[in-house]
Every structure is written in structure tokens, then in C-alpha cells.
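Numbers 472 to 903, taken from the working numbering, label the letters of the sequence shown in order.
Glycine included, C-beta positions come from ideal geometry on N, C-alpha and C.
I have placed the structure first, in the form of C-alpha cells, so that the comments after it can refer back to it.
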Amino acid sequence: MQKTTISIRKFYIKNRTVPEWLIFFILITPFAFGLLIDMAGLPTFVRFTLDFALVALIGIMMARADKRIKRRLLPLILLFTVFTLFLFVSYLFTYQSVFYFIWGFRNNFRFIFAFFAFITFMDYDDAEQYLKIFDILFWVNLPICLIQFYLLGYKQDYLGGLFGTSVGCNVYLNVFLCTVCAKSLIYFLSKKEKLVSLLLKLFASFFIGALSELKFFYIEFIVILCIVTLITKFSWKKVLVIVLGLIGMVIGVSILIRIFPEYVGQFTLELLYESAASDKGYTSSGDINRLSAISTISKHLFSEKYHYFIGYGLGNCDLSSISVFNTPFYESHSDVNYNWFSHAFMYLETGYIGLILYLGLFILFFVCARKSLKDGYADVLHCQLAMTVSLLCLLFAVYNASLRTDAAYMIFFILALPFIKKGSSEESPLLD
Numbered sequence: 472m473q474k475t476t477i478s479i480r481k482f483y484i485k486n487r488t489v490p491e492w493l494i495f496f497i498l499i500t501p502f503a504f505g506l507l508i509d510m511a512g513l514p515t516f517v518r519f520t521l522d523f524a525l526v527a528l529i530g531i532m533m534a535r536a537d538k539r540i541k542r543r544l545l546p547l548i549l550l551f552t553v554f555t556l557f558l559f560v561s562y563l564f565t566y567q568s569v570f571y572f573i574w575g576f577r578n579n580f581r582f583i584f585a586f587f588a589f590i591t592f593m594d595y596d597d598a599e600q601y602l603k604i605f606d607i608l609f610w611v612n613l614p615i616c617l618i619q620f621y622l623l624g625y626k627q628d629y630l631g632g633l634f635g636t637s638v639g640c641n642v643y644l645n646v647f648l649c650t651v652c653a654k655s656l657i658y659f660l661s662k663k664e665k666l667v668s669l670l671l672k673l674f675a676s677f678f679i680g681a682l683s684e685l686k687f688f689y690i691e692f693i694v695i696l697c698i699v700t701l702i703t704k705f706s707w708k709k710v711l712v713i714v715l716g717l718i719g720m721v722i723g724v725s726i727l728i729r730i731f732p733e734y735v736g737q738f739t740l741e742l743l744y745e746s747a748a749s750d751k752g753y754t755s756s757g758d759i760n761r762l763s764a765i766s767t768i769s770k771h772l773f774s775e776k777y778h779y780f781i782g783y784g785l786g787n788c789d790l791s792s793i794s795v796f797n798t799p800f801y802e803s804h805s806d807v808n809y810n811w812f813s814h815a816f817m818y819l820e821t822g823y824i825g826l827i828l829y830l831g832l833f834i835l836f837f838v839c840a841r842k843s844l845k846d847g848y849a850d851v852l853h854c855q856l857a858m859t860v861s862l863l864c865l866l867f868a869v870y871n872a873s874l875r876t877d878a879a880y881m882i883f884f885i886l887a888l889p890f891i892k893k894g895s896s897e898e899s900p901l902l903d
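So, in C-alpha cells, the structure goes:
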């Protein structure tokens, strides 16, 4: 079926197929759910409509299962298969409930299936269109953040802009800011975005990060700068970006300190490390902390030696927005706050083996994106953006639980870009 589009100043309105509408729903509605739930009073159950859309996409993909998978996807499929087999086998030793396992698998891996759906049903024009939509939503998000902070009094963990005002909404916001900043940096260095546009986005991001008290965002930005510097060719533009980016970051930190004076003198690497690694925990009440999570879990929560290798079993420590579905382990240990950090959660349920396989997926995403770049298979900028975000995922895993939230749909869309062939094509890049 031939795709038709209507062009409005290089912004395309296309006649979408059913799978393309489902993908649109999965990628765009998370930007609205936060406000609809927190400020319009919709039930949290509406978030599960994303699951229904994903199941429909999986069903459509299953109809194409007789076709051969592209060779460049085989390493990812192989590692994911090994990971899944490990989870099944280890669960035989930690079995509690099939429901717990299914729920845990859903919470951690629904984005992998979305990743394959993006590759199957999207082409280059679709990918570019969504990146443009993210830019538009960025500027929609800015005034909403300002209104929430200055008029409604929301701040810190309760300031999420489009992503709502409930506690932890800035987890979504952090991922969004990192994605937009990385994309703009890469596109500017390739002369596909103007300097003014880049600077406005960076300064707006630093300002929003200050209002939402996203201290770690400034560290993430330095990491983004380092990655982009290493994976792109040298140019004087790159030097300019580094200088202006660091200046903007300093301004952003200054704004944060001005809004939250209690952080004066705390923005040093030594103090930030001590805060993240403190044995007192994230809230200084003996709970889990970012850099000491593994040792804390090993010492205080694991009761048998085999737990170090396979954990308590996928799903056996999980929770739900519907409290009746919380596991007994979570009901007993929720005060430890292990669910705040993806790596801690994964280690608790799957041990060292599961955690290594899990983080290995993102390293493999980087390797595959680099190979696509080297082979000239996909768009250069798409590959560079995916390489940047794949490494950021290692930080996201330690920083918060965003890899378990709907924000991960946006992440895995970016990770799918290197598998979308350059130029428009009617043939799916996933299948021969």
C-alpha cells in the first residue's frame, strides 16, 4: 500500500496504517497521561491502554513470523533469548506465582517488543517525524513547567510539566530533557539545526532542570557532551558547543542553588559521590542508595548464597499501582525503596547474572548502532543519537527507575533508529 503525505513546511501529516497509529499512540500519549491523571482526574488505569496497543502490535508482527529476520538484529535477539531463558530457568528455583513472573516480565521487557514494532512498521520519514514532534513537545512542555512552578507551586519531584505533578514525574522529564539535548547537539554539529535553536533548548533544559531539582541532569549533560565529542568528527563547532554547553550548565546550577539554597557548596564531584554512595541510604534513613544499592541488598536482603546469582526471581519483589497486586516481599520491604532504581530492582530479582545480561543489552545496542553507522546502513545522525542514548541508559539504570516506566518507550524508539534503513522504503527493515 502506497503511503501518502501532506507537507506543511516540511512537517508531514500522513495517512497512517493501523500499526502506525498504534505506534503513534504508544509514543505520544505518555506526554498527556501525566496531566490527564494528576490534574484532570483520570484514573491511573488509562496507562494500561498502552499495553493493549502493544499487544495489538505484537499480534500483527506475529502474522509476519514466517519471514526471515535481518542478520544485523541477530545479536540482540540472541542475547534477549538467552536472558529470557535464564529468567525462566531461575524462576524454577524461586517460584511463587505465575502472575508475579508475567507482571515482572511486563514491567521490564514490554519495551523490547515495542522496539521490534518500531523497526517493523516505521521508515526513515516516520523516525524524523517523531523527532520533530519531540522538539514541538519540548516547547509545549516549557510553559507548562513555568505555570506549575510559579503559579501552582509545584517543584522538585512534583514538577513534571507534560508528565504531571505526582511524585516522581520528573523521572519522565529527565529522560525527555536528555533525549532532546542529545538530539540537538548531534544535529547542530551536522548542520541540521541552527545554533540559536540549540542554545535555546540547552538553556531551557538547564532552567527546567533547576526548577525540578534534577541535580543529576547536569552530570548527564556532561556525559552527553563527552559521548557526542567522541563519536563525531572534530570541528570548531564542537569546541563552541562544549564551551557554550558548560557555560549554560554553570548558569543552570546557579539557578538551582538560588532556588534551593540548601545545595550551596554541594555541587562537587566528591560530595555528589558521597551522597550517592552513602550507607545511610537515599533518604538517610537506612534505605537503598544509588551507588551502594548492590552491597546493601547483598548484605541485608539476600538470605541465601544463590540469591547473589539469581536473586529472588523476576516479579517476586514487584509492585503495582493497584495495591492488592503488590507482592509479599514488597509489602515487607517497601521502606527500603529498592523500586526507585532500576539496577537495584533487577539485581534483587535476578542477581548478578540477570543484572549483567540486562545492562549488557544496552552495551550491545551501542555496538549494533556503531556497526550500522560503519556499514552505512542507517542514517548517520540516527546512529549517533542511538549510541549516545544507549550509554545514557547505563546512567538511567542507576539514577532512577525510568527504564521500567512509560518513558522507556521513547528511549527504545531512539535505540531502534539504527535499524531503520536510510531513505523511505515500503519494505520493513526488520524482515527480508
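Just grab the DSSP bridge partners of Ala-849 for me.
Lys-892
Is Phe-659 closer than 9 Å to Gly-671 when the C-beta atoms are compared?
What sits at residue 671 in the sequence shown is Leu, not Gly. In this structure, Phe-659 does not lie closer than 9 Å to Leu-671 by Cβ.
Can you look up Glu-491 in the DSSP assignment and give me helix, strand or coil?
helix
Pairwise C-alpha distance: Thr-565 and Gly-784:
5 Å
Anyone know if the C-beta pair for Ile-759 and Val-807 falls short of 9 Å?
Yes.
How far does the alpha helix (DSSP H) with Leu-811 in it reach, from first residue to last?
The identity of residue 811 in the sequence shown is Trp, whereas the question assumes Leu. Careful: Trp-811 lies outside any alpha helix (DSSP H) and carries neither H nor E.
Asn-486, enclosing alpha helix (DSSP H) - first and last residue
Asn-486 -> no alpha helix (DSSP H), and no H or E assigned at all.
In its own chain, which residues sit with a C-beta less than 8 Å from the C-beta of Glu-664, not counting the 5 before and 5 after it?
Ser-655, Tyr-658
Along the chain, where does the alpha helix (DSSP H) that runs through Lys-423 open and close?
This structure leaves residue 423 out entirely; the chain is present only between 472 and 903.
Taking a contact to mean a Cβ-Cβ separation below 9 Å, would you say Leu-498 touches Met-817 in this structure?
no
I need the straight-line Cα distance from Phe-586 to Phe-592, nearest angstrom please.
Cα-Cα distance, rounded: 10 Å.
Is there a Cβ from chain B that is less than 9 Å from the Cβ of Ala-849?
Among the protein chains of the structure shown there is no chain B, as only one such chain exists.
Buried or exposed for Leu-886, going by 16 or more other Cβ atoms inside 10 Å?
The Cβ neighbour count for Leu-886, taken over all protein chains shown within 10 Å, is at least 16; the residue is labelled buried.
Can you confirm whether the region 868-884 touches the region 698-714 when touching is taken to mean that 3 or more C-beta pairs between the two stretches lie within less than 8 Å?
no
What is the rounded straight-line gap between the Cα of Glu-897 and the Cα of Trp-811?
Any reading at Glu-897 is ruled out, since the residue's pLDDT is 43, under 50, leaving its predicted position unreliable.
Considering only residues of the region 787-828, which uninterrupted beta strand (DSSP E) runs meet the minimum length of 3 residues and lie entirely inside it, listed in chain order?
none
According to DSSP, is Lys-626 part of a helix, a strand, or is it coil?
coil
Which first and last residues belong to the alpha helix (DSSP H) in which Leu-772 is found?
Per DSSP, Leu-772 is not a residue of any alpha helix (DSSP H), being assigned neither H nor E.
Using 10 angstroms around the beta-carbon of Gly-822, count the other beta-carbons present and answer buried if the total reaches 16, otherwise exposed.
Around the beta carbon of Gly-822, a 10 Å sphere encloses 16 or more other beta carbons of the protein chains shown; the residue is thus reported as buried.
Would you tell me roughly how many angstroms separate the C-alpha atoms of Asp-606 and Asn-645, rounded to the nearest one?
Going by the C-alpha atoms only, they are around 15 Å apart.
Sort Tyr-779, Ala-815, Ile-722 by Cα distance to Arg-761 and report the nearest one.
Ala-815
Mapping the DSSP letters down to three states, classify Asp-758 as helix, strand or coil.
coil
Looking at the structure shown, is Phe-705 part of a helix, part of a strand, or coil, going by DSSP?
coil
For Val-699, which of Gly-530, Ile-824, Leu-863 has the nearest alpha-carbon?
Leu-863
At least three beta-carbon pairs within less than 8 Å, the region 715-731 to the region 685-697:
The answer is yes - the region 685-697 touches the region 715-731, with three or more Cβ pairs under 8 Å.
Measure the C-alpha to C-alpha separation of Pro-514 and Ile-702 and round it to an integer number of angstroms.
44 Å
Do the region 825-839 and the region 597-605 touch if we need at least three Cβ pairs shorter than 8 Å?
no
Outcome for Pro-501 when other beta-carbon atoms lying within 10 angstroms are tallied against a minimum of 16
buried
Candidates Arg-518, Val-851, Ile-583: closest to Phe-883 by CA position:
Ile-583
Could you give the residue range of the alpha helix (DSSP H) that holds Asn-612?
595-617
Given this structure, state the Cα-to-Cα distance separating His-458 from Tyr-562, to the nearest angstrom.
Beyond the ends of the chain as shown, which are 472 and 903, falls residue 458; an answer cannot be given.
I want to know whether the region 631-640 touches the region 502-510 - three or more CB-CB distances under 8 Å.
Per the Cβ contact rule, the region 631-640 is in contact with the region 502-510 (3 or more Cβ pairs under 8 Å).
Taking a contact to mean a Cβ-Cβ separation below 9 Å, would you say Cys-649 touches Phe-692 in this structure?
yes
Which residue spans inside the region 514-548 form an unbroken beta strand (DSSP E) run of at least 3?
none
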